[in-house]
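Colleague: Supplied in structure tokens, the structure appears directly below.
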Ligand SMILES: NC(=O)c1ccc[n+]([C@@H]2O[C@H](COP(=O)([O-])OP(=O)(O)OC[C@H]3O[C@@H](n4cnc5c(N)ncnc54)[C@H](OP(=O)(O)O)[C@@H]3O)[C@@H](O)[C@H]2O)c1
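In the working numbering, the protein residues as written are 769 to 1103.
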């Protein structure tokens, strides 16, 4: 860590325990950013002022990122300044497995506690990441609220043990959240979900706000490098949208900055991923400087196209059209 430039860190949002910086860095490198490159980017990002990193066991890079977190602390950033998320993957939903997965993430990340631990997806499917679920396999199961509650009780026990400071969910829809809120002893602090100008999830967003659950927005730039992005039938990406482009021109900035300003001002926590120093520096600056006007915010609220990028093909069951339609409420499999 260098100490030549004093970084400007982002404001924070109060959470049940601690306070989360209002922008984080995503660390899912997929198959185009190696664990070492992602770990190097986190160091550079910390030097630039990032204090919030969104990790997960399934990203396959927690060991390397753990070395960076250690270096950040050795370089003078106190642990209390950092905000670290991790997530339990789908094959570790059995309560004892959830606990072991958390302990393993802590060991890899070289931490005594996580600031936020999430259930990555509400589906307990036993499949390797990236591979399709074989719905005929006895190991593949649809969503079941009763099973999810057992996972959630394990999450609550991690909180009680002090291994994690906040617990939350990811990719949860309103019907599943209603059941969870009715039965949980501790409500989820966050729902990490896909949010970008072409996929605003307005109904879910208001539901979360009304229950004081913080929305963390993934793919905040519309994930320009994902293959799903290219396959999207409807063409123009968020970054090419005429409304976003003209607002960017008015602010003499890049469309990515407009997406991030919109996200932060709307009240979600964006977690853009970048391995490129000039990009991750620009992303942090975007939410610290030069806010959008009310009329620009209103104009962006009108460009939603309900364009989901993370289609979750791995969760599709026989005959299902998409993962949201499936398994809500009773977990029944369509005939
Ligand atoms: N909970 C979940 O189920 C879930 C699902 C998906 C993602 N996530 C989390 O969300 C994070 C972000 O999602 P994502 O990576 O798919 O999408 P994203 O952040 O919308 O897009 C990342 C892409 O944008 C580029 N980029 C970043 N800043 C830029 C800038 N200023 N100018 C131009 N290009 C820029 C990056 O390239 P460069 O590296 O070249 O800058 C990278 O290819 C993930 O890393 C992960 O932590 C969570």
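From the three backbone atoms N, C-alpha and C, an ideal C-beta is built for every residue, glycine too. Everything numeric in this text was worked out from a predicted model, so none of it was measured.
Could you say if the segment 1042-1052 and the segment 938-945 meet the contact criterion of at least three C-beta pairs nearer than 8 Å?
Modeller: no
Colleague: State buried or exposed for residue 820, treating a residue as buried only when at least 16 other CB atoms are found within 10 Å of its CB.
Modeller: By one-based count along the chain shown, residue 820 stands at place 52. With 16 or more Cβ atoms within 10 Å of its Cβ, residue 820 is classed as buried.
Colleague: At a cut-off of 7 Å, is residue 1004 close to ligand 1 when judged by its beta-carbon and the heavy atoms of the ligand?
Modeller: Locating residue 1004 in the chain shown gives position 236, where the first residue counts as 1. Not under cutoff, so the answer is no.
Colleague: Let me confirm a value: residue 929 is counted as buried when at least 16 other C-beta atoms fall within 10 Å, else exposed. Which label applies?
Modeller: The residue given as residue 929 occupies position 161 in the chain shown. With fewer than 16 other Cβ atoms within 10 Å, it is exposed.
Colleague: Hey, is residue 799 close to ligand 1, as in C-beta under 7 Å from one of its heavy atoms?
Modeller: Numbered from its first residue, the chain shown carries residue 799 at position 31. Result no, Cβ not under 7 Å from ligand 1.
Colleague: Any heavy atom of ligand 1 within a distance shorter than 7 Å of the CB on residue 1019?
Modeller: Counted from its first residue, the chain shown places residue 1019 at position 251. Result no, Cβ not under 7 Å from ligand 1.
Colleague: Cβ of residue 966 within 8 Å of Cβ of residue 1009?
Modeller: Translated into the one-based positions of the chain shown, residue 966 becomes position 198. Translated into the one-based positions of the chain shown, residue 1009 becomes position 241. A contact, by the Cβ cut-off of 8 Å.
Colleague: If you measure from each CB to the nearest heavy atom of ligand 1 and keep those under 6 Å, what residues do you get, in chain order?
Modeller: Residues with a Cβ closer than 6 Å to any heavy atom of ligand 1, in chain order: 794, 795, 796, 822, 888, 938, 939, 960, 986, 987, 988, 989, 990, 991, 992, 993, 994, 1022, 1024, 1039, 1040, 1041, 1042, 1043, 1044, 1047, 1050, 1051 and 1078.
Colleague: Taking the alpha-carbon positions, what's the residue 1078 to residue 889 distance?
Modeller: Taking the first residue of the chain shown as 1, we reach residue 1078 at position 310. Taking the first residue of the chain shown as 1, we reach residue 889 at position 121. Going by the C-alpha atoms only, they are around 12 Å apart.
Colleague: In whole angstroms, what separates the C-alpha of residue 867 from that of residue 979?
Modeller: Here residue 867 is taken as the residue at index 99 of the chain shown, counted from 1. Here residue 979 is taken as the residue at index 211 of the chain shown, counted from 1. Approximately 27 Å, taken between the alpha carbons.
Colleague: Out of 1061, 987 and 1007, point me to the one whose CA is closest to residue 1019's CA.
Modeller: Within the chain shown, the letter at position 251 stands for residue 1019. Residue 1061 is the option with its Cα nearest to residue 1019.
Colleague: Are at least three pairs of beta-carbons, each pair with one atom in the segment 868-875 and one in the segment 836-850, less than 8 Å apart?
Modeller: no
Colleague: I need the straight-line Cα distance from residue 952 to residue 816, nearest angstrom please.
Modeller: What you label residue 952 is simply residue 184 of the chain shown in a count that begins at 1. What you label residue 816 is simply residue 48 of the chain shown in a count that begins at 1. Whole-angstrom Cα-Cα distance: 38 Å.
Colleague: If you draw a straight line from the alpha carbon of residue 818 to that of residue 838, how long is it in whole angstroms?
Modeller: To locate residue 818, count along the chain shown from 1; it is residue 50. To locate residue 838, count along the chain shown from 1; it is residue 70. Using only the alpha carbons, I get a separation of about 15 Å.
Colleague: Return yes when the Cβ of residue 984 is within less than 8 Å of the Cβ of residue 960, no when it is not.
Modeller: On the chain shown, position 192 is the one that residue 960 refers to. On the chain shown, position 216 is the one that residue 984 refers to. Yes, the pair counts as a contact, with Cβ atoms nearer than the cut-off.
Colleague: Can you tell me where the beta strand (DSSP E) with residue 961 in it begins and where it stops?
Modeller: For the purposes of this step, residue 961 is identified with residue 193 of the chain shown, where counting begins at 1. Unbroken beta strand (DSSP E) run through residue 961: 958-962.
Colleague: Could you round the C-beta distance between residue 826 and residue 886 to whole angstroms and report it? I think they count as a contact, below 8 Å.
Modeller: Locating residue 826 in the chain shown gives position 58, where the first residue counts as 1. Locating residue 886 in the chain shown gives position 118, where the first residue counts as 1. No, residue 826 and residue 886 are not in contact; Cβ-Cβ is about 12 Å, not under 8 Å.
Colleague: What would DSSP say about residue 883, mapped onto helix, strand or coil?
Modeller: The count along the chain shown starts at 1 and reaches residue 883 at position 115. Residue 883 falls in the coil class under three-state DSSP.
Colleague: Would you kindly check if the distance between the Cβ of residue 921 and the Cβ of residue 935 is under 8 Å?
Modeller: Along the chain shown, one-based indexing puts residue 935 at 167. Along the chain shown, one-based indexing puts residue 921 at 153. No, the pair does not count as a contact, with Cβ atoms beyond the cut-off.
Colleague: When we look at the beta-carbon of residue 788 and count the other beta-carbons within 10 Å, is it buried (16 or more) or exposed?
Modeller: Residue 788 sits at position 20 when you count from the first residue of the chain shown. Counting Cβ neighbours within 10 Å, residue 788 comes out buried, since at least 16 surround it.
Colleague: Would you mind reading off the limits of the beta strand (DSSP E) that contains residue 779?
Modeller: For the purposes of this step, residue 779 is taken as the residue at position 11 of the chain shown. Run containing residue 779: none; DSSP gives neither H nor E here.
Colleague: What first and last residue would you give for the beta strand (DSSP E) that runs through residue 854?
Modeller: Translated into the one-based positions of the chain shown, residue 854 becomes position 86. Residue 854 -> beta strand (DSSP E) spans 851-856.
Colleague: Using DSSP's beta-bridge definition, name the partner residues of residue 1054.
Modeller: Within the chain shown, numbered from 1, the residue matching residue 1054 stands at position 286. DSSP output for residue 1054 lists no bridge partner at all.
Colleague: Please report the distance separating the alpha-carbon of residue 956 from that of residue 1063.
Modeller: For the purposes of this step, residue 956 is taken as the residue at position 188 of the chain shown. For the purposes of this step, residue 1063 is taken as the residue at position 295 of the chain shown. Each residue's alpha carbon lies about 33 Å from the other.
Colleague: Assuming the contact rule is C-beta atoms closer than 8 Å, residue 1026 and residue 1015 should be a hit. Round their C-beta distance to whole Å, please.
Modeller: Mapped onto the chain shown, residue 1026 falls at position 258. Mapped onto the chain shown, residue 1015 falls at position 247. The pair is a contact, with the Cβ atoms about 5 Å apart (cut-off 8 Å).
Colleague: Considering residue 787, what are the terminal residues of the beta strand (DSSP E) in which it resides?
Modeller: Here residue 787 refers to the residue found at position 19 of the chain shown. Here the beta strand (DSSP E) through residue 787 covers 787-789.
Colleague: So the candidates are 1073, 1042, 981 and 948; which of them puts its Cα closest to the Cα of residue 782?
Modeller: Residue numbering aside, residue 782 sits at position 14 when the chain shown is read from its first letter. Of the candidates 1073, 1042, 981 and 948, the one whose C-alpha sits nearest the C-alpha of residue 782 is 981.
Colleague: From residue 852 to residue 1023, what does the alpha carbon distance come to, in whole angstroms?
Modeller: As a working mapping, residue 852 is identified with position 84 in the chain shown. As a working mapping, residue 1023 is identified with position 255 in the chain shown. For residue 852 and residue 1023, the distance between alpha carbons rounds to 27 Å.
Colleague: Who are residue 1062's beta bridge partners in DSSP?
Modeller: Here residue 1062 refers to the residue found at position 294 of the chain shown. In DSSP, residue 1062 forms no bridge with anything.
Colleague: Helix, strand or coil: which one does DSSP assign to residue 784?
Modeller: Against the chain shown, residue 784 aligns to sequence position 16. Three-state result, residue 784: coil.
Colleague: So, with DSSP's three-state summary, where would you put residue 821?
Modeller: Against the chain shown, residue 821 aligns to sequence position 53. Three-state result, residue 821: strand.
Colleague: Is residue 1055 closer than 8 Å to residue 778 when the C-beta atoms are compared?
Modeller: What you label residue 778 is simply residue 10 of the chain shown in a count that begins at 1. What you label residue 1055 is simply residue 287 of the chain shown in a count that begins at 1. Yes; because the gap between Cβ atoms is below 8 Å, this pair is in contact.
Colleague: Check whether the Cβ atoms of residue 812 and residue 878 sit closer than 8 Å, and answer yes or no.
Modeller: Mapped onto the chain shown, residue 812 falls at position 44. Mapped onto the chain shown, residue 878 falls at position 110. Contact flag unset, no.
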